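Protein chains: 2
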Amino acid sequence: MITQTNQRIIIIEPSTIVFAGLQSIIERMHIAESIYHVTELDTITQKLAQLRADIIIVNTAVFGFHKNLSIKSIFKDCTHASIIAFVSQYSDSQFLKQFDDIIDIYDDAQTISAKIRHIIEQDTIDITETDTTELSEREQEVLIAVVKGLINKEIASTLNISIHTVMSHRKNITRKTGIKSISGLTVYALFNNLIKQEDVQ
Amino acid sequence: MITQTNQRIIIIEPSTIVFAGLQSIIERMHIAESIYHVTELDTITQKLAQLRADIIIVNTAVFGFHKNLSIKSIFKDCTHASIIAFVSQYSDSQFLKQFDDIIDIYDDAQTISAKIRHIIEQDTIDITETDTTELSEREQEVLIAVVKGLINKEIASTLNISIHTVMSHRKNITRKTGIKSISGLTVYALFNNLIKQEDVQ
DNA sequence: TGTTGACTCACTATAACTAGTGATGAGGCT
DNA sequence: AGCCTCATCACTAGTTATAGTGAGTCAACA
Chain V
1 MITQTNQRII IIEPSTIVFA GLQSIIERMH IAESIYHVTE LDTITQKLAQ
51 LRADIIIVNT AVFGFHKNLS IKSIFKDCTH ASIIAFVSQY SDSQFLKQFD
101 DIIDIYDDAQ TISAKIRHII EQDTIDITET DTTELSEREQ EVLIAVVKGL
151 INKEIASTLN ISIHTVMSHR KNITRKTGIK SISGLTVYAL FNNLIKQEDV
201 Q
Chain S
202 MITQTNQRII IIEPSTIVFA GLQSIIERMH IAESIYHVTE LDTITQKLAQ
252 LRADIIIVNT AVFGFHKNLS IKSIFKDCTH ASIIAFVSQY SDSQFLKQFD
302 DIIDIYDDAQ TISAKIRHII EQDTIDITET DTTELSEREQ EVLIAVVKGL
352 INKEIASTLN ISIHTVMSHR KNITRKTGIK SISGLTVYAL FNNLIKQEDV
402 Q
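Listed in order, the protein sequences are those of chains V and S. Heads up: the first sequence begins at 1 in my numbering, then just goes up one per residue. Heads up: the second sequence begins at 202 in my numbering, then just goes up one per residue.
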């Protein structure tokens, strides 16, 4: 699989915290050459072209309540950049249609990564298959239950299947991931955002 | 100046992005031993005491519109934790007075760092009882081995004790922490910095 | 149409863990 | 001296998990 690791990204976001969060998530993707922070729209419009960004993520809040704006014209100098809306509060759905994609403040890291990857892949010709999920849906369900601390019998009853099936799934999970221990599976599940820390135990 | 580098911090914040931002800013301060993410209030209240946090940062949005809540009573099990409000939208100022400090979503990194440092310094003055670790040294060793994925027999041989002793320790660990599942112990060990993620499995 | 993968279930035998009780010696604290 | 914790070990009985093999149904796909 060919990955692009030289993306130039601009984030237009008033809040330092939110910027830091997006930055941190994007950095973990190892696709960005640079991440540029802009807090206001006005100060940047002329310089945008200069920065030659590949991706611009813009908090729709910076547009204020003037929702009749044309995104195309605002970013007219960035012809080859993909513009992603970042929505942290209600935004008009017609307005949002102008963007290449939308990231919601409540999206999880996996979703955000997927959206950005998708944008990059659209721009890149050589898309080879993206990581298909290693585990089947049912296997993920079983894994989540295991990590929640349920024993096989309990998993069987919550999923309405026989304990034999549960064991069968668990054997397949072990085979596919190569992880034998519950603690290892816990880290795997946390890392892959299959479960939240507070749901464990 | 004595700096505290072993703060256990819980962030109660629905948005992954905002959490990642706070995490990233706090990590740069090098004061946190662990940063725990919780997305909802309901799922965590009973477990809060167990986690023995020093600082709890809570997005006031999780309280919804019921602003007559007593913060003291919600966090009654965390007597020694400082509670910081994280405000991302309008919040009643009377309500906010209950908190030890307030972080606003538009605060810059420097301001946030200063606020957190201030909280820590206040606390370090009135440390009378050093929060001795809940688990004995031997129990910690056993716990780490468990979380590494070793089975009791293996733990026995690496620690040069009988398998009976290992089980004895494990029983005590379960009794003291109240955590029965290996996955729960894994989260506990990660949060309490007893083990690094990469050492698991 | 034949293959593959997902999902389901079963049987066997062995290994490992859990829970409860009990015991001993070392060391610290009051 | 008495009390407590830690660390060590043991026995019992019951529960749960692991490993290996096998097999049927169903849907997708080439």
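Every residue, glycine too, gets a C-beta built ideally from N, C-alpha and C. Keep in mind the model is a prediction, meaning the values are calculated, not measured.
When DSSP states are grouped into helix, strand and coil, N68(V) belongs to the coil group. Leaving aside the five residues that flank L41(V) on each side, the residues in its chain whose CB is nearer than 8 Å to its CB run, in chain order, I12, V58, V62, F63 and I74. Rounded to the nearest whole angstrom, the CA to CA distance from Y90(V) to L344(S) is 47 Å. Exposure of F266(S) is indicated by the presence of fewer than 16 other C-beta atoms within 10 angstroms of its C-beta. In the structure shown, the three-state DSSP call for S235(S) is strand. Of all C-beta pairs linking the segment 6-20 of chain V to the segment 29-39 of chain V, three or more are shorter than 8 Å, placing the two stretches in contact. Contact between the segment 306-323 of chain S and the segment 156-176 of chain V is absent: fewer than three C-beta pairs spanning the two stretches fall below 8 Å. With at least 16 other beta carbons inside 10 angstroms of its own, N393(S) counts as buried. In chain order, A20, G21, L22, S24, I25 and A109 make up the part of chain V whose C-beta sits under 8 Å from the C-beta of A221(S).
DSSP lists I55(V) as the beta-bridge partner residues of S82(V). Under the Cβ criterion (8 Å, minimum of three pairs), the segment 223-231 of chain S does not count as touching the segment 160-179 of chain V. Per the coordinates, the alpha-carbon of S34(V) lies some 44 Å from the alpha-carbon of E335(S).
Per DSSP, Q140(V) is one residue of the alpha helix (DSSP H) stretching across E137 to V147. A Cβ-Cβ contact shorter than 7 Å links I10(V) with I56(V).
With respect to the 7 Å criterion, G385(S) and G149(V) are classified as neighbours on the basis of their beta carbons.
Judged by DSSP in its simplified three-state form, D301(S) adopts coil rather than helix or strand.
Taking C-beta atoms under 8 Å as the contact rule, A254(S) and A233(S) fail to qualify, at a distance of about 11 Å. The Cβ-Cβ distance between V87(V) and T60(V) falls below 7 Å.
At a cut-off of 7 Å between beta carbons, Q398(S) contacts chain V. Nearest to R209(S) by alpha-carbon distance, out of Y389(S), D308(S), S363(S) and I304(S), is Y389(S).
In this structure G222(S) is buried. Its beta-carbon is surrounded by 16 or more other beta-carbon atoms within 10 angstroms. Non-local C-beta neighbours of I71(V) in its own chain, meaning closer than 7 Å and more than five positions away in sequence, comprise I83, Q98 and F99, ordered along the chain. The contact set of I105(V) on chain S, defined by CB atoms closer than 8 Å, consists of S216, I218 and V219 in chain order. Apart from the 5 residues on each side of it in sequence, V147(V) sits with its Cβ closer than 7 Å to the Cβ of L185, T186, A189, I195 and V200 in its chain, given in chain order.
If you compare the alpha carbons of Q23(V), E121(V), D92(V) and R138(V) with that of V166(V), the shortest gap goes to R138(V). The three-state reading of DSSP puts Q208(S) in strand, counting E and B together. The alpha-carbon of I303(S) is positioned some 7 Å away from that of L297(S).
Interface annotation, G379(S): not in contact with chain V, CB-CB separation never under 7 Å. For the pair I179(V) and S93(V), the Cα-to-Cα distance works out to about 44 Å. Under a 10 Å Cβ-count criterion, E399(S) is classified as exposed, with fewer than 16 other Cβ atoms of the shown protein chains found around its own Cβ. Annotated as proximal: I163(V) and N152(V), with beta-carbon spacing under 7 Å.
Bounds of the alpha helix (DSSP H) holding K354(S) are N353 to L360.
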